Structure formats: C-alpha cells, structure tokens
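S.K.: Using our numbering, read the sequence shown as starting at 3 and increasing by one per residue.
Don't be surprised by glycine CBs; every beta carbon is placed ideally from N, CA and C.
Here the structure is a predicted model, which means the values were calculated and not measured.
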Amino acid sequence: LVTSCNQLYAQSAFALVLLAERVKNWAERTQGMFRVDSEGSEQENSFAVWRDIKDDPDLVAKVRWPVAKRHERAVEKLLRSYQNSPSKLLDLTRSCIIFENMTDLTNCLGIIVTDEN
Numbered sequence: 003l004v005t006s007c008n009q010l011y012a013q014s015a016f017a018l019v020l021l022a023e024r025v026k027n028w029a030e031r032t033q034g035m036f037r038v039d040s041e042g043s044e045q046e047n048s049f050a051v052w053r054d055i056k057d058d059p060d061l062v063a064k065v066r067w068p069v070a071k072r073h074e075r076a077v078e079k080l081l082r083s084y085q086n087s088p089s090k091l092l093d094l095t096r097s098c099i100i101f102e103n104m105t106d107l108t109n110c111l112g113i114i115v116t117d118e119n
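In structure tokens, the structure reads:
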C-alpha cells in the first residue's frame, strides 16, 4: 500500500520508463505517431510516425515524451478527490500515441489489450 507522495512518485518514475518502452512498441506496430518539436515550423503541433524516426537519434530527441503529473496537481487531487489517500492516485504516469485514422487506432487498441507485458 502506498502511503506517501514520495513513494508514489518514486514508483511512477519507474513505471514511466516501462510504459515508454511499451508505447514505442505499440506505435511501431501500428503507424502510431508522437508529437515532436517543430522548431522553425509555423505549425504549433507536428507529429512523426515512430516507425519512420526510431532509428534516427536526432529525430528521436525531438519527440515530446510525456512527464509525470505535476506535484501541485497531484496534491490538489489528493485533497479534493481522494481523501488524502495516495494509494488512490493512479494517473501520475501517462502517454499518448496519435493516429491518422480509426483503423490504426483500433489495431493499436487490439495490440494493447492482448499485450502480455
């Protein structure tokens, strides 16, 4: 049982590393895209297909990987919604894969629900 925010954040740091590896795998298998920095671009949001950039360290470095929920927001949720119980806060670690169409999204969801990891 998690009894402190420090313990929760320590566990979420480890979970973020594990989740990132799974998300990359799912994206590679399904034409999944990640948000990338678009320096010099007029577009606010740019996306790249993971399969196309995964072997290029310069492009991988531009991926905007998710970070854990801010401490301030976690404390706010603990106090407002979870009666100050850290064990109820389950969404510190997150990720996102973007798809161009519903077929790719559906394929990825199928892979996720059958993933044994």
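For Arg31 and Val51, I'd like the C-alpha separation in whole angstroms.
M.R.: 11 Å
S.K.: Determine, for Val69, whether the minimum Cβ-Cβ distance to residues of chain C falls below 8 Å.
M.R.: Given the protein chain composition of this structure (a single chain), no chain C is represented.
S.K.: Excluding the 5 residues flanking Asn109 on each side, which residues of the same chain have their C-beta closer than 7 Å to its C-beta?
M.R.: Thr32
S.K.: According to the neighbour-count rule (16 or more other Cβ atoms, all chains shown, within 10 Å of its Cβ), is Gly112 buried or exposed?
M.R.: exposed
S.K.: Leaving aside the five residues before and after Ala101 along the sequence, list all residues of the same chain whose C-beta is less than 8 Å from its C-beta, in chain order.
M.R.: Note on identity: in this sequence residue 101 is Phe, with Ala being the wrong assignment. Around Phe101: Thr32, Gln33, Gly34, Met35, Leu107, Cys110.
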